[in-house]
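K.L.:
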Amino acid sequence: MNALIYRGDRVAGWLSRHSVDILRVSLGLTFLGFGVLKFFPGVSPAEALVMRTIDTLTLGIVSGRNAVLLAALLECFIGLTLVTGKLLRTGLLVLGFSLLGIMSPLVLFFGDLFPGTPTLEAQYVLKDIVLAAAGLVIAAKALAASPLRLRA
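With this note's numbering as the guide, the letters of the sequence shown map in order to residues 180 to 331.
1. Can you tell me whether residue 203 is buried or exposed? The criterion is at least 16 other CB atoms within 10 Å of its CB, across all chains shown.
2. Relative to the alpha-carbon of residue 280, which residue among 218, 254 and 223 has its alpha-carbon at the smallest distance?
3. Measure the alpha-carbon distance for residue 260 versus residue 288 and round it to whole angstroms.
4. Thinking just about the alpha-carbon of each residue, which of 210, 262, 291 and 198 is nearest to the one in residue 228?
5. Compare the Cα-Cα distances from residue 286 to each of 220, 323 and 232 and report the closest residue.
6. Compute the Euclidean distance between the alpha carbons of residue 208 and residue 184, then round it to the nearest angstrom.
7. Would residue 308 pass as a contact of residue 206 if the rule is Cβ separation under 8 Å?
8. Using CA coordinates, which residue listed in 189, 247 and 241 is at the minimum distance from residue 219?
9. Secondary structure at residue 314, three-state DSSP: helix, strand or coil?
10. Counting only the same chain and skipping the five closest in sequence on each side, list residues whose C-beta sits under 8 Å from that of residue 270.
11. Could you confirm whether any beta carbon from chain B is found closer than 8 Å to the beta carbon of residue 282?
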């Protein structure tokens, strides 16, 4: 029984040391994967929603294919920062602002996303709640590792 408790403690210790880094890399790969898809017209299932959302949020300044390319660049940048750990704080800041845009269709187009049951696009947006939660966990660790310092 003591050996089992010892092994459990070792597993808990390993998880404590590595789980957030594993989450960071897996979230980064997710953003990278979805971002790369957006570089190829017609491949991303969210392409039309991305165009419509960015067009609405930018009041038409960024629209059409340019909107999708902007989303692709942002998602790939976020993904690369999460996977590599380089420029992590910058990537997390971009992630925070991007998640506001990613979740905005729930407010902007609620009736279209939920005409009764959730559409495929609605499900696509709802899964982003999990991505946002993962981003919060990663940000908490990153900020704890090197807290922000205020200059007097």
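Yeah, the Cβ is synthetic: ideal placement off N, Cα and C, and Gly gets one too.
As the structure is a prediction and not an experimental result, all values here were calculated from the model.
P.N.:
According to the data block:
1. buried
2. Comparing Cα-Cα distances from residue 280 to each of 218, 254 and 223, the minimum goes to 254.
3. The straight-line gap from Cα to Cα measures roughly 30 Å.
4. Considering only alpha carbons, the answer is 291.
5. 232
6. 34 Å
7. no
8. 247
9. helix
10. 256, 257, 259, 260 and 261
11. Looking at the structure shown, chain B is missing, and only one protein chain is on hand.
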